[in-house]
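Undergrad:
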Amino acid sequence: MNGSKFATRLMLLGAPGAGKGTQAVRLVDELGIPQISTGDLLRNAVAAGTALGKEAQSYMGAGKLVPDELVLSLVVARLAEPDAAKGYILDGFPRNLSQAEALVSRGIVLDRVLSLDVPKEALMERLTGRRICRACQASYHLSFNPTKVEGICDRCGGETYQRKDDSADVIANRLDVYEAQTAPLLDYYEKMGILRRVNGTGSIEGIYAALKDALVM
Ligand code: ADP
Ligand code: ADP
Ligand code: ZN
């Protein structure tokens, strides 16, 4: 597009329910770089019944962060896969300062961090109505972004389901964890000069357009 250069080593930052997954799928389809969601990687490990999955499960069920070393091992392995060589969209990672510093110490450099800003009051409603595709992990909402056919993913035809941790009490914990541990990353990446803040309310298409503008280098 008019010779502009776009950032390709990206991170989406935002509270649970801010719309990271919703926007990541669109970026993947258009930019052809993979989404690397630590939540998805962890849920896969739980479903597969690996030792790591068994250890992570109780933290996830309670809405707490999984220990850094477990998450890091998943991310580092995923980033080493060939499809991540030309860029990637980190979604849900890093989630605290020590994870961010672990990336730096491994020489993994991000060129843009996109923050989706959504008022706290809107997040509970978004998360309690969320439905996820079992096959491609696309994110929908019963009223705000419904599938065309109830229970069936528009993108891949997979079956949609409600995540167990999308219940009011666990959501409340996850929002507290975000404020205490993840929100400090806004300052961290601002100081690095790679943060762009985007208004995460309004139409999904409008937010997507703003995110793409924020990718111009
Ligand atoms: P995150 O990955 O940041 O936790 P999701 O992308 O899964 O968030 O979005 C959370 C919920 O909010 C989903 O049900 C999604 O359909 C819905 N949602 C996403 N973007 C918007 C928006 N702009 N307006 C209203 N609801 C939205
Ligand atoms: P959401 O975006 O809706 O908060 P995620 O799918 O990103 O949900 O994460 C679900 C759960 O997986 C979190 O509550 C946490 O237990 C765990 N998790 C995901 N990413 C990380 C991470 N980077 N560090 C520690 N725990 C994580
Ligand atoms: Zn799907």
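The opening position of the sequence shown corresponds to residue 1161 in my numbering, with each subsequent residue numbered one higher. Here a beta-carbon is modelled for each residue, glycine too, at the ideal position from N, C-alpha and C. Nothing here was measured: the structure is a model prediction, and the numbers come from that model.
For R1357, name the three-state secondary structure that DSSP assigns.
TA: In this structure, R1357 counts as strand in the three-state DSSP scheme.
Undergrad: Near T1320, which residues of its chain fall below 8 Å by C-beta distance, leaving aside the five closest residues on each side in sequence?
TA: Here the set comprises R1291, I1292, C1293, R1294, Y1300, T1307, G1311, I1312 and C1313.
Undergrad: Only counting runs of 4 or more residues, tell me where the alpha helix (DSSP H) segments fall wholly within the segment 1284-1339, in order along the chain.
TA: Counting whole runs of 4 or more residues, the segment 1284-1339 contains the alpha helix (DSSP H) stretches 1328-1337.
Undergrad: State yes or no: is the C-beta of V1143 within less than 7 Å of the C-beta of Q1217?
TA: Lying outside 1161 to 1377, the shown extent of the chain, residue 1143 is not represented and no answer is given.
Undergrad: Please find out if some non-hydrogen atom of ligand 3 comes closer than 6 Å to the beta-carbon of R1315.
TA: Because some heavy atom of ligand 3 lies under 6 Å away, the Cβ of R1315 counts as near it: yes.
Undergrad: Enumerate, from N- to C-terminal direction, the unbroken beta strand (DSSP E) stretches of 3 or more residues contained entirely within the segment 1174-1207.
TA: Taking only runs of at least 3 residues, the beta strand (DSSP E) segments lying wholly in the segment 1174-1207 are 1195-1197.
Undergrad: CB L1287 to CB G1174, shorter than 7 Å?
TA: In this structure, G1174 does not lie closer than 7 Å to L1287 by Cβ.
Undergrad: Is it buried or exposed, M1220, if we count other Cβ atoms within 10 angstroms and call 16 or more buried?
TA: Buried is the call here.
Undergrad: If Y1349 sits next to V1273, beta carbons under 8 Å apart, how far is it from one beta carbon to the other, in whole angstroms?
TA: Sure, about 4 Å apart at Cβ, within 8 Å.
Undergrad: When the Cα atoms are used, what is the spatial distance from I1331 to K1224?
TA: Taking the straight line joining both Cα atoms gives about 10 Å.
Undergrad: Is it true that the CB of T1342 sits closer than 7 Å to the CB of V1278?
TA: No, these two residues do not count as a Cβ contact at 7 Å.
Undergrad: Residues in its own chain within less than 6 Å of F1253 by CB, not counting five upstream and five downstream?
TA: Taken in chain order, the residues that qualify are T1198 and V1235.
Undergrad: Taking the alpha-carbon of A1245 as reference, which of G1192, G1209 and C1296 has the nearest alpha-carbon?
TA: Of G1192, G1209 and C1296, the residue nearest in Cα terms is G1192.
Undergrad: Name the residue from V1188, L1375, Q1297 and N1333 whose alpha carbon lies nearest to the alpha carbon of G1318.
TA: Of V1188, L1375, Q1297 and N1333, the residue nearest in Cα terms is Q1297.
Undergrad: Roughly how many angstroms lie between the CA atoms of E1130 and I1367, to the nearest whole one?
TA: For residue 1130 there is no data in the structure shown, the boundaries of the chain being 1161 and 1377.
Undergrad: Run the proximity test for L1212: is its beta-carbon closer than 6 Å to any non-hydrogen atom belonging to ligand 2?
TA: Answer for L1212: no, Cβ out of range of ligand 2.
Undergrad: Would you tell me roughly how many angstroms separate the C-alpha atoms of S1233 and R1357, rounded to the nearest one?
TA: Looking at the two C-alpha atoms, the distance is approximately 29 Å.
Undergrad: What is the rounded straight-line gap between the Cα of T1168 and the Cα of I1249?
TA: Their Cα atoms are separated by approximately 8 Å.
Undergrad: In its own chain, which residues sit with a C-beta less than 6 Å from the C-beta of R1334, not counting the 5 before and 5 after it?
TA: Here the set comprises P1176 and G1223.
Undergrad: Between F1253 and ligand 2, is the CB less than 6 Å from at least one heavy atom?
TA: For ligand 2, at least one heavy atom lies less than 6 Å from the Cβ of F1253.
Undergrad: State yes or no: is the C-beta of D1251 within less than 7 Å of the C-beta of L1172?
TA: Contact flag set, yes.
Undergrad: Verify whether the separation of the beta carbon atoms of L1345 and A1262 is less than 7 Å.
TA: Cβ distance not < 7 Å, so L1345 and A1262 don't count as in contact.
Undergrad: Starting from the Cα of R1203, find the closest Cα among L1230, V1188, L1170 and I1364 and give me that residue.
TA: The option with the nearest alpha carbon to R1203 is L1230.
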